[in-house]
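Residues 0 to 329, numbered by my numbering, are exactly what the sequence shown covers, in order. Here is the structure we will look at, set down as structure tokens.
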Amino acid sequence: MLRFSLLVAISLAEPVYRRSISSEQLSSLSDTADKSFLRTTAIIEQRTEYGRLVLLLCRRNCPRLRSLIPQWVRDINEDMKYHGTDIIGYHYYTYKKPLPFVDEEDIEQFPTLVYIIAKTPTYYTGNITSQKSVTQWIVSLDNVEIKTPQNVTALDQLITSTSNCSEKLLVFVNDARQCPLPYWGTVARAAYMYGVQPVHLSIPLPASMSVVLYKRLPLLVESQCQQMFLIHQDSYSIQFQDYTPYAVRELIDLLLPNATEECPPLHDTMWFSVMTPLTELQMIYFSGEHDLVKLEHKQAYVLVGLTGGIAVIALAMSIFWGLNGSGFAN
0 MLRFSLLVAI SLAEPVYRRS ISSEQLSSLS DTADKSFLRT TAIIEQRTEY
50 GRLVLLLCRR NCPRLRSLIP QWVRDINEDM KYHGTDIIGY HYYTYKKPLP
100 FVDEEDIEQF PTLVYIIAKT PTYYTGNITS QKSVTQWIVS LDNVEIKTPQ
150 NVTALDQLIT STSNCSEKLL VFVNDARQCP LPYWGTVARA AYMYGVQPVH
200 LSIPLPASMS VVLYKRLPLL VESQCQQMFL IHQDSYSIQF QDYTPYAVRE
250 LIDLLLPNAT EECPPLHDTM WFSVMTPLTE LQMIYFSGEH DLVKLEHKQA
300 YVLVGLTGGI AVIALAMSIF WGLNGSGFAN
């Protein structure tokens, strides 16, 4: 009887023990998933604040892809000669908990790849084991054409082209030495993916180009070290204050109308009219005036330098003669 009772006790206790282990394992798995989720979310936010990221998502562990994909991303970075903030990042996540910036409904199948820039995801739908297919997909998304007008005619034509409702420009004007923007390439890519053509003007500009830019867009400040704004429908927008890729994308979304009509109206309070092209006579006059102002500034600096230099020489001579007439000479 005692032996039978002992067997019953053991048989009853065994499932309880197993349930206890199973509960601990589930708790541990949940903690691991939470840590992985928090870590991945932090990495996505950090790396896409100024750059972009390729994210590999697997339902279960996928060792082969975890070995192949980062190497393919490295190869792209090397082939494109990316460095600094231009480097495309990579991260892996075992998909057990939904991620911000990623919509599971847009994922056709797992494992998959997601290209993220300015908190905007693009999902891969091709053969994930094909290096050629994956590389072409990443390069096509990462490709950007930044227009840099080299002369006054090119700049004037670019501004005038915005009378066409389909033409949208994101213009960045800066002095690269005094006001560098290392992640401008990422900003340009975010705008380009949105259907907006990025344009870069490096100051100081030639006199004729400065005249066209600041006379046709008179609310811009020529002395300002960097400026960013949109041009669309013969109008230019208020200046951007935050140049981070996500902030720029948000402002583009706010400023540009998303109506389906052919040429929807712009918000009057945020846009200003582009002035008509200057005549040849106006160009000659304003270009000459621009050069004259620059010359006056240079002469002012020369005069200040000359005055300061004479003062130093006079001071040195007075000290010398003072010492020469004192006991120092003896």
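Heads up, the beta-carbon is just placed ideally off N, CA and C, and yes, glycines get one too. Predicted, not measured: the structure shown is a model, and the values here were computed from it.
When the beta-carbon positions are compared, R248 and T119 come within less than 9 Å of each other.
Under the 10 Å beta carbon count, S207 is surrounded by 16 or more other beta carbons and is classified as buried. Residue state for G125 is assigned as coil, using DSSP reduced to three classes. Boundaries for Q240: no beta strand (DSSP E) harbours it, and the DSSP string shows neither H nor E there.
By DSSP's assignment, P120 forms a beta bridge with I115. In the assembly as shown, D78 is an exposed residue. Its beta-carbon has fewer than 16 other beta-carbons within 10 Å. Distance from the CA atom of S165 to the CA atom of P263, rounded to whole angstroms, is 11 Å. Going by beta carbons, F271 and L218 fall inside the 9 Å limit.
Note on geometry: alpha-carbon atoms of L180 and T243 lie some 10 Å from one another. Contact between the region 59-75 and the region 96-103 is absent, with fewer than three C-beta pairs closer than 8 Å.
Below 8 Å, too few C-beta pairs join the region 279-286 and the region 217-234 to call them touching: fewer than three. Under the three-state reduction of DSSP, P62 is assigned to helix. In the structure shown, S207 falls within a helical segment according to DSSP collapsed to helix, strand and coil. Looking at the DSSP output, L250 shares a beta bridge with no other residue. Per DSSP, K167 is one residue of the beta strand (DSSP E) stretching across K167 to N173. The three-state reading of DSSP puts Q149 in coil, since its state is none of H, G, I, E or B.
In this structure, the alpha-carbon of L254 lies about 41 Å from that of T128.
Per DSSP, the continuous alpha helix (DSSP H) segment holding L140 begins and ends at Q130 to D141. Uninterrupted alpha helix (DSSP H) stretches at least 4 residues long and entirely within the region 35-87 occur at 62-78, given in chain order. V198 is bridged by DSSP to K146 and V170.
Residue environment analysis places L291 among the exposed positions, since fewer than 16 neighbouring C-beta atoms fall within 10 angstroms of its C-beta. Excluding the 5 residues flanking it on each side, C178 has same chain C-beta neighbours closer than 7 Å at C224 and Q225, in chain order. Annotated three-state conformation of L291 is helix, per DSSP.
No Cβ-Cβ contact shorter than 9 Å links L52 with R58. Here M282 carries a helix assignment [DSSP, helix/strand/coil].
Around the beta carbon of K80, a 10 Å sphere encloses fewer than 16 other beta carbons of the protein chains shown; the residue is thus reported as exposed.
Note: L229 is bridge-paired with L169 in the DSSP secondary-structure output. Under DSSP, H90 forms a beta bridge with L54.
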